[in-house]
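Peer 1: If you scroll down you'll find the structure; I have some questions about it.
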Amino acid sequence: MNPRFIDWIWHVRGSLALAPEQSSDDAFDRLAPLFGQTGTSHERTNDTLIFRKKDQAAQDKMAVFDGGVLRIEKGMAGSVLHYHLTSRALLFCFLAPLLFLGFAQLTIALGKLEKASTEAEDTRGKASDASKKPAKKDAELPMNPIDKALGAPAPEKPEKEGADKAKDQDKKHSPTSAYVFAAIFAALYVVGRILEDRLVKALFRKSLLGS
């Protein structure tokens, strides 16, 4: 499989045409402030600049990227800046929804196993009770005559233990939280992948124009 079929997930590629008569030296000099930030190291050879970032500061305009290559190529229509950037943050945001969806499926599977185990225990319990003396029906709770005269409602019968246990199991094995987190990270990836692509291109363009 060609790696480019999947590396678009965390790789950002693009190109920008340089101004007429703008040299490679002038272009890289204008871009230099972007690579002089804390935690950023870079090296330049001829028409290529390679940079790496480690523990980059939050105020760094390129903080989302961990490294990349900028190359200036000369063509018939003029010089063009080509850039190839990588971002582990984008990769994490892409993988996080898959992880949480996995947690959701695991939660559902555990819930089904526990429910099946509980139903089996209940069946054995009922079979055991059936062999014994039939249990008495729940007697109605006595009501105070004064409360009865005042029209107070009759006390409710306590819910069966099985119903409470079933409710607790449903809450314990609910995949809702996992689905919510998966949706959040999926939205972060889609927005980040589109936004960062546009922002870095606008940043390079602004630096090259010197404005």
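Going left to right, the sequence shown walks through residues 17 to 227 as the working numbering numbers them.
C-beta: ideal position from N, C-alpha, C; glycine also.
#1: In chain order, what residues of the same chain have a beta carbon less than 8 Å from the beta carbon of I22, not counting five sequence neighbours either side?
#2: Using the beta-carbon count (16 or more within 10 Å), is T56 buried or exposed?
#3: For the candidate residues L114, K77, T192, E59, whose alpha-carbon lies nearest to that of L50?
#4: Buried or exposed, going by whether 16 or more other CB atoms sit within 10 Å of the CB of V196?
#5: Considering only the alpha carbon of each residue, which of S223, L219, G208, K222 lies closest to L107?
#6: Which two residues bound the contiguous alpha helix (DSSP H) that contains T192?
#7: Between A112, F67, W24, L129, which has its C-alpha nearest A202's C-alpha?
#8: In angstroms with no decimal places, state the Cα-to-Cα distance between L101 and A198.
#9: At the level of alpha carbons, what is the spacing between F110 and L122?
#10: Given S133, which residues of its chain have a CB within under 6 Å of its CB, disregarding the five upstream and five downstream residues?
#11: Count the other CB atoms within 10 Å of the CB of K69; is the residue buried (16 or more) or exposed (fewer)?
#12: Comparing alpha-carbon positions, which option in D82, P191, L32 lies nearest Q53?
#13: What's the gap between the Cα of V206 and the Cα of A79?
#14: Would you kindly work out how many angstroms separate the C-alpha atoms of A35 and L211, rounded to a whole number?
#15: Just list the residues that DSSP pairs F67 with in beta bridges.
#16: When every heavy atom of the ligand SAH is checked, does at least one fall within less than 6 Å of the C-beta of F119?
#17: What distance in whole Å lies between the Cβ atoms of K222 and L32, which are believed to be in contact at a cut-off of 8 Å?
#18: Here's the rule: buried if 16 or more other CB atoms are within 10 angstroms of the residue's CB, otherwise exposed. What is A73?
#19: Along the chain, where does the alpha helix (DSSP H) containing L1 start, and where does it finish?
#20: To the nearest angstrom, report how far apart D45 and H189 are at their CA atoms.
#21: Between D213 and the rest of its own chain, which residues show a CB-CB distance below 6 Å, the 5 nearest in sequence each way excluded?
#22: H100 bridges to which residues according to DSSP?
Peer 2: According to the data block:
#1: none
#2: buried
#3: K77
#4: exposed
#5: G208
#6: 192-225
#7: A112
#8: 26 Å
#9: 20 Å
#10: none
#11: buried
#12: D82
#13: 18 Å
#14: 25 Å
#15: H58, G84
#16: By its list of ligands, the structure shown contains no ligand whatsoever, and the ligand SAH lies outside what it can speak to.
#17: Going by Cβ atoms, the distance from L32 to K222 rounds to 11 Å, so no, they are not a contact pair.
#18: exposed
#19: For residue 1 there is no data in the structure shown, the boundaries of the chain being 17 and 227.
#20: 58 Å
#21: V28
#22: R29, V85
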